[in-house]
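Numbering (the numbering used here), first residue to last: 206 to 512.
Backbone N, C-alpha and C fix where the C-beta goes; we use that ideal spot for every residue, glycine too.
Being a predicted model, the structure only gives us computed values, none of them experimental.
The structure appears right after this line, and notes come after that.
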Amino acid sequence: MIDNLKIFKALADETRLRIYRILTNHELNVNEIVEVLLMGQSRVSRHLKILTECTLLSCRRDGSFVYYQAEQDEEKRFLMDFIKNSKYQQDEVGQDLQRAEIIVAERKEKTRVFFNNVAATWDNLKQDLFGDFDLNHVLIDNLDSTGAVVDLGCGTGELLSLVNMKVQKCIGVDSSPKMLELAKGRFANTEGDYGFRLGEIEHLPLKEKEVDLAVINMVLHHIAVPSQVIHEAWRVLEPGGSLLIADLAKHTSKSVKKRFGGSWMGFEREEIEKWLTDAGFEVNSVNTYEVRMNLSVNVFKSTKSVN
């Protein structure tokens, strides 16, 4: 249960209210929050500690950086929506959000450049990680729809090329033009109803309830706020539709992160399960597979509630 007194005391401070408003939209590290607010680090850190202790914020450590974001659970969402829609300090908040969006845009551009640079060798890089383990076929074995399927962060289209013959329609979405160029080349002589769309998976270029099944394959750890992607998947899925997520289990290998990129060093199983249930999914199964480099991959299968 929310401790209302602690929360209202925390948000009674103008600076903490500004910080919370920013972090309802973005996940930022301490240095980035300092840059947005134009304040000293010690002052910002003190406010972050108070907001975290009253459970308004969650934090995670990535190397030497600590990242903060607003807690996204159902109880907090009413408060978040109220604060987002309020006109308190509208000009100042608008400037805060503009500066935060510039920082996030720069981060996304670095990710886009990374994938453009590794696009030609991406399939080989994945082979180095997986070895003889065939993740694509594990995902295909979990397909329970022959309707419309979307691969969120489709990369070179390797998975979609295998799925294409089993479904009525497949769609690939990616933010990297180079990746999509390779994916389209893979499908050059392929029959069937398929298409590729350039866009960010946090803001999908799909209509509501457009697909029956969505796949997020080894992509979630590249996203600053993974819960946003899961909520977007919920939006574009038909009621009763399925979401498959495959990603690395939590690890500490800096060399793996440097080689494969990403904002997260894998995930605890409970983290992804919480994001799924908070978004309105029922988690059907979770299976873990050992791969190379002392790493593991978790595969989550979930269903969008019919109600």
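| Query | Result |
| --- | --- |
| Beta-carbon proximity check, I421 vs G358, cutoff 8 Å | yes |
| Boundaries (first-last residue) of the alpha helix (DSSP H) holding N422 | No alpha helix (DSSP H) holds N422; the beta strand (DSSP E) holding it covers 416-422. |
| Run of the beta strand (DSSP E) containing T508, from where it starts to where it stops | 501-509 |
| Neighbourhood of D417 by C-beta, 6 Å cutoff - its chain only, sequence neighbours within 5 removed | S350, G352, A353, E443, G446 |
| Residue nearest to V430 in terms of C-alpha spacing, selected from R226, E232, R221 | E232 |
| Buried versus exposed, by CB contacts within 10 Å (16 or more), L387 | buried |
| 8 Å Cβ cutoff met for S501 and N489 | no |
| Span of the alpha helix (DSSP H) around D226 | Rather than Asp, the amino acid found at residue 226 in this sequence is Arg. Start and end: 219-228. |
| Neighbourhood of A215 by C-beta distance below 7 Å, restricted to the same chain and skipping five residues each side | R221, I255, L256, C259, L261 |
| Rounded distance between the beta-carbons of V235 and V249, thought under 8 Å | 6 Å |
| contact_flag[the stretch 357-374, the stretch 296-309] where n(CB pairs < 8 Å) is 3 or more | no |
| Inter-stretch contact at 8 Å, needing at least 3 Cβ pairs: the stretch 331-345 / the stretch 490-498 | yes |
| Burial state of D379, where buried means 16 or more other Cβ atoms lie within 10 Å | buried |
| CB of M384 within 8 Å of CB of A451, strictly | no |
| D530 versus H427, N512, V504, residue with shortest Cα-Cα distance | The chain is shown only over 206 to 512; residue 530 falls outside these bounds and no answer can be derived. |
| DSSP three-state assignment for M206, whether helix, strand or coil | Bear in mind that a pLDDT of 47 at M206, under 50, signals an unreliable position, so the number given afterwards is only what the model happens to contain. The answer is coil: DSSP assigns M206 none of H, G, I, E or B. |
| Cβ neighbour criterion (16 or more within 10 Å) applied to I227 | buried |
| Burial state of K509 (16 or more Cβ within 10 Å) | buried |
| For N369, three-class secondary structure by DSSP | helix |
| Contacts around D435, its chain only, beta-carbon distance under 7 Å, and the 5 residues preceding and following it disregarded | Reading the sequence as shown, one finds Ile at residue 435 and not Asp. Taken in chain order, the residues that qualify are W480, L481, A484. |
| Own chain partners of M206 with C-beta closer than 6 Å, once the 5 adjacent residues on each side are dropped | Note on M206: pLDDT 47, under 50, position unreliable in the model; the coordinate value appears next. So no residue of the chain qualifies. |
| The ligand FMN heavy atom lying under 7 Å from the CB of V355 | What this structure holds is no ligand at all, so the ligand FMN is not there to describe. |
| Where the beta strand (DSSP E) through N489 begins and ends | 486-495 |
| M411 burial status per 10 Å Cβ neighbour count (16 or more: buried) | Checking the sequence shown, residue 411 turns out to be Leu, not Met. Classification of L411: buried, given that the 10 Å Cβ count is 16 or more. |
| Beta-carbon spacing of I288, V241 below 8 Å | no |
| For L449 and N347, believed in contact at Cβ under 8 Å, the rounded distance | 6 Å |
| Per-residue burial, V511 [other beta carbons within 10 Å of its own, 16 or more giving buried] | exposed |
| Residues near K462 by beta carbon distance below 7 Å, same chain, minus five either side | M470 |
| One or two residues paired with D356 in a DSSP bridge | G377, V420 |
| CA nearest to the CA of G404, picked from K414, E437, I345 | E437 |
| Spatial neighbours of V298 in its chain, beta-carbon cut-off 6 Å, leaving aside the 5 residues before and after | R226 |
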